[in-house]
Amino acid sequence: MANTAAKSRAPLATRRETWFSLDAWRAFHDRHAVVIWSFLASRLMLLAVGLLTLVNIRPLTNTGNALSQSAHQVLNIWGASDSGWYLDLATNGYQLVPAANGQANWAFFPAMPGLAAGLARLTSLTPFEAMLVVSNLSFLVALILVHRLARQAFNVKTADVTVVLLCVAPASYIFSAAYTEALFLASLTGALLLIRDRRWLAAGLVAALAALTRNLGLALLLPYGWAVLERWRARDQAPLGRAESVRIVLGGLAPIAGVALFLLHLKSRTGDALAFLHIQKTWGRSLEQPFAALVQGLVHPSSIPDTELLSFAIAWLALGLLLALALLRRWGWLLLSAVLVLAPLATGVTSFSRYALVVLPLWMVAGHLLSERPRSTMVTIASLAMLNGFMMAAWTLALGITV
4 MANTAAKSRA
14 PLATRRETWF
24 SLDAWRAFHD
34 RHAVVIWSFL
44 ASRLMLLAVG
54 LLTLVNIRPL
64 TNTGNALSQS
74 AHQVLNIWGA
84 SDSGWYLDLA
94 TNGYQLVPAA
104 NGQANWAFFP
114 AMPGLAAGLA
124 RLTSLTPFEA
134 MLVVSNLSFL
144 VALILVHRLA
154 RQAFNVKTAD
164 VTVVLLCVAP
174 ASYIFSAAYT
184 EALFLASLTG
194 ALLLIRDRRW
204 LAAGLVAALA
214 ALTRNLGLAL
224 LLPYGWAVLE
234 RWRARDQAPL
244 GRAESVRIVL
254 GGLAPIAGVA
264 LFLLHLKSRT
274 GDALAFLHIQ
284 KTWGRSLEQP
294 FAALVQGLVH
304 PSSIPDTELL
314 SFAIAWLALG
324 LLLALALLRR
334 WGWLLLSAVL
344 VLAPLATGVT
354 SFSRYALVVL
364 PLWMVAGHLL
374 SERPRSTMVT
384 IASLAMLNGF
394 MMAAWTLALG
404 ITV
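Basically this note's numbering = 1-based index in the sequence shown + 3.
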């Protein structure tokens, strides 16, 4: 009997030894070297820029409206503007009534603050510190998944360049801040990978996480539906069986059900299931024709506020990459990207440089176009990194260029 117990424990012990062995970690490093070093180098450089800005520039100016979320300056760098709303959600939940200025935390979806609140309860971290952990871990996971997806869809060179571009992109410091971009990118990429592998139910559940992180996560139903259509039309595969059809339906319903539960919660708290949408007007946002601000900026360049020049330029670049995506005939990705680009532009170009960070298919297209042009790649990465450093300094001073 003792021998039997020893035998049953042996496989588990072997697996543990394999996972924690030096060879296993070397293999992991070899597979993800570009991801690991791009993540570490970019985050450390951004931290250095932030600290240097605090020490050398902040004492010389009183511009901006810096928020203090932590007693530790090294952490406080990573909280600004919307971070306060997420911290309020993680601490107090959804408000019953708006504040005196008419604003309320109803505009923000629950996944990020919910995960942070759960992590804070399980550890000695504050909710703000927990949000930073969630963001940075999510970004690292996102980069690993991005590399895998780009490698499968294109090639290794494209995957490498795409990862580096995401790390140095203007405003990519947001991925380490108490914001939702990192979690949204991770869940969006995970869903796209699962859709590609036709793991329908898992894809739907991960898409639900994306939809509960940001409302535009529901746009994942577009590539999901396109993949289902391709599967249904495939003549070189067996017809859809009952089991797979059930998984397809359940996967498609998962993000809808997740958002529906959130709307019911809003209804119970505020009396308005669409409170997240109606409260947007208190931030000065209203729907308009998506191209109105872009055309207006070309006709009358002086109409573009200085703080929105970068967002204006990135919006036009995004439209160009949408065209490139269409030429590559990646229709499911094109549908997703069109929503992720045009929906924010329908409220103006404000903060579009931040919103563009999570339009993953466009970053993969950019990586694909650059992957065979080494000199162009070097110039592009260097230019973006310098611009990102400048914007990190502005972020640290709370100048509101991207938020």
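Each residue gets a CB set at the ideal place from its N, CA and C atoms; glycine is no exception.
Please state whether DSSP places residue i in a helix, a strand or coil.
i, result
"Tyr97", "coil"
"Leu352", "One point to set straight first is that residue 352 is Val, not Leu, in the sequence displayed. Here Val352 sits in coil by DSSP."
"Leu277", "coil"
"Asn139", "helix"
"Ile384", "helix"
"Gln292", "coil"
"Ala13", "With a pLDDT of only 49 at Ala13, under 50, the local geometry of the prediction cannot be trusted, and no value is derived from it."
"Val342", "helix"
"Met4", "Because the pLDDT of Met4 is 47, which lies under 50, any placement of that residue in the model is unreliable, and the question is left without a value."
"Val362", "coil"
"Phe111", "coil"
"Tyr176", "helix"
"His75", "coil"
"Ala102", "coil"
"Leu196", "helix"
"Gly59", "The amino acid at residue 59 is misidentified as Gly; the sequence shows Asn. Asn59 falls in the helix class under three-state DSSP."
"Asn65", "coil"
"Asn158", "coil"
"Ser24", "coil"
"Gly244", "coil"
"Pro308", "coil"
"Lys375", "Position check: residue 375 holds Glu in this sequence, whereas Lys was assumed. Glu375: coil per DSSP, three-state reduction."
"Ser86", "helix"
"Gly403", "coil"
"Thr126", "coil"
"Asp163", "helix"
"Tyr182", "coil"
"Gly254", "helix"
"Arg217", "coil"
"His303", "coil"
"Trp40", "helix"
"Gly323", "helix"
"Arg236", "helix"
"Gly121", "helix"
For residue i versus residue j, is the C-beta distance shorter than 8 Å?
i, j, result
"Phe131", "Gln72", "yes"
"Ala321", "Val352", "no"
"Leu49", "Ser179", "yes"
"Leu188", "Ala145", "yes"
"Leu225", "Leu339", "yes"
"Leu328", "Pro293", "no"
"Met134", "Ala174", "no"
"Leu122", "Val136", "yes"
"Ile80", "Gly53", "yes"
"Ser314", "Ser356", "yes"
"Leu99", "Arg272", "yes"
"Ala418", "Ala162", "Outside the shown range of the chain (4 to 406) lies residue 418, about which nothing can therefore be said."
"Pro113", "Ala107", "no"
"Gly82", "Trp229", "no"
"Gln1", "Arg201", "The first residue shown for the chain is 4 and the last is 406, placing residue 1 beyond what the model contains."
"Val159", "Ser190", "no"
"Leu25", "Glu184", "no"
"Gln76", "Leu57", "yes"
"Leu128", "Gly370", "no"
Our contact map puts residue i next to residue j with C-beta atoms below 8 Å; I'd like the distance itself, whole angstroms only.
i, j, result
"Trp88", "Tyr97", "The Cβ separation is near 11 Å, so there is no contact."
"Val37", "Leu387", "About 16 Å separates the two Cβ atoms, so there is no contact after all."
"Thr380", "Val166", "Not confirmed; about 12 Å, so no contact."
"Tyr182", "Met395", "14 Å between Cβ atoms; not a contact."
"Leu331", "Val368", "7 Å"
"Leu400", "Thr64", "7 Å"
"Ala207", "Gly244", "Residue identity differs from the one stated: residue 207 is Gly in this sequence, not Ala. Not really, about 18 Å apart at Cβ, beyond 8 Å."
"Thr310", "Gly392", "About 18 Å separates the two Cβ atoms, so there is no contact after all."
"Phe42", "Leu143", "5 Å"
Could you tell me if the beta carbon of residue i falls within a distance shorter than 7 Å of some heavy atom in the ligand SAM?
i, result
"Met395", "No copy of the ligand SAM occurs in the structure displayed, which carries no ligand at all."
Does the stretch 209 to 219 come into contact with the stretch 244 to 264, if we say contact requires no fewer than three beta-carbon pairs (one atom in each stretch) closer than 8 Å?
Result yes; three or more Cβ-Cβ pairs closer than 8 Å.
Inter-stretch contact (C-beta, 8 Å, three-pair minimum) for the stretch 220 to 229 and the stretch 179 to 197
Contact between the stretch 220 to 229 and the stretch 179 to 197 is present, because at least three Cβ pairs lie under 8 Å.
Taking one C-beta from the stretch 301 to 321 and one from the stretch 278 to 288 each time, how about it: are there three or more such pairs within less than 8 Å?
Short answer: they don't touch.
Counting Cβ pairs closer than 8 Å, one from the stretch 355 to 371 and one from the stretch 321 to 330, do we hit at least three?
Touching, yes, given that three or more Cβ pairs across the two stretches are closer than 8 Å.
Closer than 8 Å is the cut-off here; do at least three beta carbon pairs connect the stretch 310 to 321 with the stretch 273 to 280?
As far as the Cβ criterion goes, the stretch 310 to 321 does not touch the stretch 273 to 280, which means the pair count is below three.
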